[in-house]
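Start counting the sequence shown at 19; every next residue gets the next number (this note's numbering).
Cβ atoms here follow ideal geometry from the backbone N, Cα and C, with glycine treated the same way.
Here the structure is a predicted model, which means the values were calculated and not measured.
Below is one structure, written out as structure tokens; comments come after it.
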Amino acid sequence: IKSPFALHQKSTNVFRYSAGSPRDLTLVSARIGAAKYDVIISDPYISVNSSKRLKLLNFLKELKKGGVSYNHLVLRWKPRESHETLDYQSEQLSNLLKPICEGITLKPWDGNGHFHDRRVLLKNVTTERLVTLDVTAGIDNLMSANKECAVFVDEDKNA
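See below:
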């Protein structure tokens, strides 16, 4: 009897970043693969202030250096975690990210359900291969050299 899990194979790689270590995402980008992707980023704090928005931009630029290009971005965050208005956060995100991706959809969290995990879902627009990044301390901490963080990269081997 074949396990149903055998039909859906994933490969997981873990990349750990210590406080004080440079944030080189070359190996993460290599696991994703050079291609064009539709991307969903869910991180409660990615837009709550200008510093976190810049770290999001730096994260996307680092992946782009490794060959990842963006067809469409969907961004989910908790706008109520900020002293800034939702409109201001949305405007700043759009203006900041427009140079690397024209297709941007902003989906502020509506307060329903639990939203804590920081996850980046990438779907190759040609092959439909899925890659999931789970970022343990959030994109802001991943892109801060003085913070500790890990990235778990799950690749769908069936696509």
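Simplified DSSP assignment, three categories, for residue i
i	result
D174	strand
R49	helix
L91	strand
T103	coil
N67	coil
K73	helix
R41	coil
K28	strand
K79	helix
Cβ-based burial, residue i [other Cβ within 10 Å; buried from 16]
i	result
D105	exposed
N142	buried
N31	exposed
L45	exposed
G4	Outside the shown range of the chain (19 to 177) lies residue 4, about which nothing can therefore be said.
S60	buried
R34	exposed
E146	exposed
Residue i versus the options, residue with shortest Cα-Cα distance
i	options	result
E99	H134, G38, R49, A48	H134
T144	S29, G51, N130, K28	G51
N89	S47, I122, Y35	I122
Q107	E120, W127, C119, I118	W127
K165	L93, V153, L81	V153
V169	R49, K28, L72	R49
R94	K82, F33, S112	S112
K79	C119, S68, P62	C119
L124	E109, S87, A53	E109
N130	K96, L148, N76, I157	K96
P117	D172, K28, K82	K82
Presumed contact (8 Å Cβ cut-off) between residue i and residue j, rounded CB distance
i	j	result
V57	L139	7 Å
Discussion item. Going residue by residue through the region 106-157, where are the continuous beta strand (DSSP E) segments of at least 3 residues, counting only ones entirely within it?
Written reply: 122-126, 137-142, 148-153
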